[in-house]
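> In this note's numbering, the protein residues as written are 1 to 262. For every residue, glycine included, the Cβ atom is placed at its ideal position computed from N, Cα and C.
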């Protein structure tokens, strides 16, 4: 576990500093007068990324002999640490580029309805993945179920809802609220749609196919943000999809465990 902690620390610092450097370069802040703010921003992002990496420690087993499955409480708490860090980074970064997150969250009664409707195509796609008999799709599905089974992802519906809500809010604040706004402002609309979505895929991806799928989903959420101008829509779509996806995943994990115990 100590080795994994060191690896997570190094990864967190690297990702944080890389993000800080990219953020500051995009803003053009190269003056020596801005050295202190630069270091402050880098430190905040590095610390946040480190906390995100620590959150995933609860899913890691050192080996079969020394570590058991994480408890549902540790999964939820570990996830929430990462979500709080991620949301904080997004909120501060958006504030730095004069895009206050509250201004992107308009509580229009139609926004949740639009978000739920926008989640339906994603849910339909996942249903296809989970039920398809195509050999390659089945192989991909089996790899994902095996991954979550090994991580001990077996939680109740309350935990599923909490994790989904935390992910929907924090990730959309960071990727759509902050990074999309930043990329669009400096590099144009297309870059705003694509670049944060690539990062979104990399952060989520356990393999190349999953990175591609989540990256495309990132573009979809980014498109919702451009279309509606209301961050509440992609937050709702993201949350609703995650509730379904995690629920289906838990069901598949439990089925795999029952099969193994038989």
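Quick check on residue 70: does DSSP put it in helix, strand or coil?
coil
> Shortest alpha-carbon distance to residue 110 belongs to which of 228, 96, 208?
228
> Let me make sure I understand the geometry here. Which of 137, 175, 155 has the alpha-carbon closest to that of residue 77?
155
> Hey, how far is the Cα of residue 168 from the Cα of residue 237?
8 Å
> With distance defined between alpha-carbon atoms, name the residue in 208, 85, 122, 255 nearest to residue 224.
122
> Could you check the C-alpha separation between residue 72 and residue 159 for me, to the nearest Å?
7 Å
> Measuring CA to CA, which of 152, 143, 89, 221 is closest to residue 116?
When only C-alpha atoms are compared, the closest one is 221.
> Spatial neighbours of residue 162 within its chain, please: CB distance less than 6 Å, with the 5 preceding and 5 following residues excluded, ordered by chain position.
76
> Mind checking residue 218: buried by the 16 CB within 10 Å criterion, or exposed?
buried
> What is the DSSP secondary structure of residue 263, reduced to helix, strand or coil?
Absent from the structure is residue 263, since the part of the chain shown begins at 1 and ends at 262.
> Ends of the alpha helix (DSSP H) at residue 221?
Element bounds for residue 221: 208-228.
> Does the separation of the CB atoms of residue 94 and residue 100 fall below 8 Å?
For the 8 Å CB-CB criterion, residue 94 and residue 100 form a contact.
> Run the CB neighbour count on residue 132, radius 10 Å, all protein chains shown included, and call it buried at 16 or more, exposed below.
exposed
> For residue 118, which residues in the same chain have their Cβ closer than 7 Å to its Cβ, ignoring the five residues on either side in sequence?
224, 233, 237
> I want to see whether chain C comes within less than 8 Å of residue 141, judged by CB atoms only; does it?
The structure shown contains no chain C; it holds only a single protein chain.
> Over what stretch of residues does the alpha helix (DSSP H) that includes residue 235 continue unbroken?
232-261 is the extent of the alpha helix (DSSP H) around residue 235.
> Span of the alpha helix (DSSP H) holding residue 128?
110-131
> Please classify residue 128 as buried or exposed, where buried requires at least 16 other C-beta atoms within 10 Å of its C-beta.
exposed
> Output the distance between the C-alpha atoms of residue 152 and residue 249, rounded to the nearest integer angstrom.
11 Å
> Looking only at C-alpha atoms, which of 90, 145, 97, 86 sits nearest to residue 259?
145
> Where do the N-terminal and C-terminal ends of the alpha helix (DSSP H) with residue 155 fall, by residue?
No alpha helix (DSSP H) contains residue 155, which DSSP labels as neither H nor E.
> For residue 212, does the count of other Cβ atoms within 10 angstroms reach 16, so buried, or fall short, so exposed?
exposed
> Would you mind stating whether residue 243 and residue 172 have Cβ atoms separated by less than 8 Å?
no
> Applying the criterion that 16 or more other CB atoms from any shown protein chain within 10 Å of the CB defines a buried residue, is residue 70 buried or exposed?
buried
> Can you list, in chain order, the residues of its chain whose CB lies under 8 Å from that of residue 130, leaving out five sequence neighbours each side?
141, 248, 252
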